[in-house]
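The structure appears right after this line, and notes come after that.
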Amino acid sequence: MLRLAVTILALVAASSAWAGGLCIGAECRDAGPVGQYAAPVDRLAPAPGVVTPPLSAARQTYEDLLTDLWKSEANGTCLGTLGAWHLTPYHIMAEATVFKIASITGTPARIGVLARRVSDKAEAQFTFVPRGRNRVDVSGQVLGVDDPYPDHYIAALRRCRRGME
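Residues -19 to -1, 1 to 146 in mature numbering (1 follows the signal peptide of the UniProt record, and there is no 0) are what the sequence shown spells out, letter by letter.
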């Protein structure tokens, strides 16, 4: 039985190597039973064994907006009405406040984003309305904060550029 398992493992490793799917050394997440060879690491990929549902229409439109407005997650900043905004698939940086995206719902015409402010975990809700290529209207607010002046956001994201260097 053990011999059969080792043979199957060797066949899988050989077929992956033939297809160009192996990595060597530091590129590998876990060498595992096949020595220094394993599957390449994708830092944005889901954990092994986790079934990932397909993207919703709203999530897909949000990510398409990122592609249209900012060519990469690392260096795209958009100037809004009151300050700079930076959108990534997992974070919103709105006028010097960082929010971590919890969920994206809605329709492609009106995208709803529920997020948590990183500093104090307060929930915030944003609405993105695409107005064509290179323009997005955003409104939102922090929810449930006992503050006489809660954070409200209304911005028209128009002028985008690469990096802040």
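Just so it is clear, CB atoms sit at the ideal spot from N, CA and C, and this is done for glycine as well.
C-beta contact flag for residue i and residue j at 9 Å
i      : j      : result
Gln41  : Pro111 : no
Ala103 : Ile82  : no
Inter-residue spacing [alpha-carbon to alpha-carbon] between residue i and residue j
i           : j      : result
Thr86       : Ser120 : 15 Å
Ile135      : Ser37  : 25 Å
Phe80       : Gly113 : 25 Å
Ala77       : Trp66  : 8 Å
Asp23       : Ala105 : Bear in mind that the predicted position of Asp23 carries a pLDDT of just 39, short of 50, making it unreliable; the figure below should be weighed with that in mind. Going from the Cα of Asp23 to the Cα of Ala105 covers about 30 Å.
Tyr43       : Gly125 : 25 Å
Ser84       : Arg116 : 22 Å
Pro21       : Leu46  : The pLDDT assigned to Pro21 is 39, lower than 50, so where the model puts this residue is not dependable; a value taken from the coordinates is nonetheless given after this. Each residue's alpha carbon lies about 29 Å from the other.
Asp118      : Arg98  : 20 Å
residue 173 : Leu68  : Nothing in the structure corresponds to residue 173, since the chain is present only between -19 and 146.
Asp101      : Ala75  : 15 Å
Trp(-2)     : His133 : Any reading at Trp(-2) needs caution, since the residue's pLDDT is 37, under 50, leaving its predicted position unreliable; the model's value is listed next. So the alpha carbons of these two residues sit roughly 55 Å apart.
Distance between beta carbons of residue j and residue i, contact taken as under 8 Å
i           : j     : result
residue 148 : Val94 : No answer is possible for residue 148: the residues shown for the chain start at -19 and end at 146.
Ile73       : Ala39 : Not confirmed; about 15 Å, so no contact.
Per-residue burial, residue i [other beta carbons within 10 Å of its own, 16 or more giving buried]
i     : result
Tyr71 : exposed
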